[in-house]
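Student: Quick one: the structure is below, and I'll ask about it shortly.
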Amino acid sequence: MKLTKPLIIVLAGLVSIVNLARAADARDEKKPAAEKKEAKPFKNVSVAGFEKLRADRKNVVLDVRTKEEYAAGHIAGAVNIDVNAPDFEEKVTKLDKHKTYLVHCGAGVRSAKACDKMSKLDFPKLYNLEGGFKAWEKAGNKAEK
């Protein structure tokens, strides 16, 4: 009789712990999608990674700097659409959403902004050049004018 009471208390405690664990799992499954960790809408890539992606001619290099910056020197074959221009989204929506876009600006900030905007317009394959055009040139690549 003396062992029965402590045994019942221990078993009741174990049952309570198991039920609490199940309840916690159930709450996690019911969390809205917004609370779950979201994937970044684009990937940042180094100059080497950018060049590797650029080797595939189906990928599009998108320069989001100003017309003046582009004219001063740009990556060969790059398409120029200024991210800060009022018609940026209008121009971008005319691009093929099935293609992969290698986006860059001068230092990487505006291109991240462009990638964010493009991902909201349902562009699924976006790569942002870390360090931008400056890093690309510093790595020994030659600009076209």
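Residue numbering for the sequence shown follows the numbering used here, beginning at 185 and increasing consecutively. Backbone N, C-alpha and C fix where the C-beta goes; we use that ideal spot for every residue, glycine too. If you're wondering where the values come from, they're calculated on a predicted model, not measured in any experiment.
1. Does Gly-324 pass the burial test, meaning 16 or more other C-beta atoms within 10 Å, or should it be called exposed?
2. Assuming Thr-277 and Leu-305 are in contact, meaning their beta carbons sit under 8 Å apart, how far apart are those beta carbons, in whole angstroms?
3. Kindly indicate which three-state DSSP category Glu-274 falls into: helix, strand or coil?
4. Tell whether a beta-carbon distance below 8 Å holds between Arg-238 and Leu-286.
5. Counting along the chain, where does the beta strand (DSSP E) carrying Val-244 start and finish?
6. With DSSP as the reference, label Val-229 as helix, strand or coil.
7. Are the Cβ atoms of Ala-260 and Glu-328 separated by less than 8 Å?
8. According to DSSP, is Phe-234 helix, strand or coil?
Tutor: Judging by the given coordinates:
1. Residue environment analysis places Gly-324 among the exposed positions, since fewer than 16 neighbouring C-beta atoms fall within 10 angstroms of its C-beta.
2. Contact flag correct, Cβ pair sits at about 6 Å.
3. Judged by DSSP in its simplified three-state form, Glu-274 adopts helix.
4. Yes, the Cβ-Cβ distance between Arg-238 and Leu-286 is below 8 Å.
5. Per DSSP, Val-244 is one residue of the beta strand (DSSP E) stretching across 244-247.
6. Val-229: strand per DSSP, three-state reduction.
7. Going by C-beta atoms, Ala-260 is nearer than 8 Å to Glu-328.
8. Reduced to three states, the DSSP call for Phe-234 is helix.
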